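Take any residue in the sequence shown, count from 1 to its spot, add 25: that is its number in the working numbering.
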Amino acid sequence: MSAQMGRAAPELDIAAWRNTTVPLSLASLRGKVVALYAFQMLCPACVSHGIAQAKKMRATFPHDDVAVLGLHTVFEHHAVMGPAALDAFIHEYRIDFPVGIDRPSDSEPVPRTMAAYQMRGTPTLLLIDRTGMLRHHIFGVSDDMQVGALLAELIYEAPNGRCDDGACRL
Numbered sequence: 026m027s028a029q030m031g032r033a034a035p036e037l038d039i040a041a042w043r044n045t046t047v048p049l050s051l052a053s054l055r056g057k058v059v060a061l062y063a064f065q066m067l068c069p070a071c072v073s074h075g076i077a078q079a080k081k082m083r084a085t086f087p088h089d090d091v092a093v094l095g096l097h098t099v100f101e102h103h104a105v106m107g108p109a110a111l112d113a114f115i116h117e118y119r120i121d122f123p124v125g126i127d128r129p130s131d132s133e134p135v136p137r138t139m140a141a142y143q144m145r146g147t148p149t150l151l152l153i154d155r156t157g158m159l160r161h162h163i164f165g166v167s168d169d170m171q172v173g174a175l176l177a178e179l180i181y182e183a184p185n186g187r188c189d190d191g192a193c194r195l
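In structure tokens form, the structure reads like this:
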């Protein structure tokens with residue numbers, strides 16, 4: 026479990042965005058559930074599972090309720106995973122959701138957003154509720170049904186973050 030669970034999600038530290046005309050922030054997405062998928066292009070599980078799952082989330086859930094974001098967070102093989110390679114990857118895999126490039130650290134191999142969320146690697150899925158609280162931090166391959174259930178719970182959760190008598194209402 027991440028140290029930030031149940032606390033305000035740290036703001037993203039993004040060097041550049043792809044697939045959006047304006048820079049995004051968690052503050053600008055307040056009111057939506059945010060599904061943030063951290064990946065690397067050379068990570069086999071990211072390619073075979075994480076990107077596919079993020080695309081399914083984007084296609085399944087209403088964009089008014091759920092913002093699906095990618096976070097390209099490079100902590101190894103830095104020389105071969107630059108912006109041009111990412112652009113080709115996004116095109117090749119037909120990624121249509123916004124992708125932020127995690128800002129590199131000045132002194133460490135782990136980029137800044139990855140460090141702020143204490144990620145152990147990729148793929149990592151972060152689910153942030155409508156109020157900006159980090160609710161789920163899932164490292165590795167996660168089951169589509171489980172993730173869908175977690176997202177549905179966050180979408181239909183009462184505004185105060187709790188469900189009364191087992192029923193969640195807007």
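Here a beta-carbon is modelled for each residue, glycine too, at the ideal position from N, C-alpha and C.
Treat the numbers as computed from the prediction; the structure is a model and nothing was measured.
The continuous alpha helix (DSSP H) containing threonine 138 extends over residues 137–141. Boundaries of the beta strand (DSSP E) harbouring histidine 161: 159–164, taken from the DSSP string.
Within the model, the alpha-carbon separation for serine 132 versus isoleucine 126 is close to 17 Å. Between isoleucine 163 and valine 58 the beta-carbon gap is near 14 Å, outside 8 Å, which marks them as no contact.
Put simply, the backbone Cα of valine 99 is about 15 Å away from that of isoleucine 76.
Here the stretch 31–45 makes no contact with the stretch 73–89; the two share fewer than three CB pairs at distances below 8 Å. Here the alpha carbons of phenylalanine 64 and leucine 96 stand approximately 6 Å from one another.
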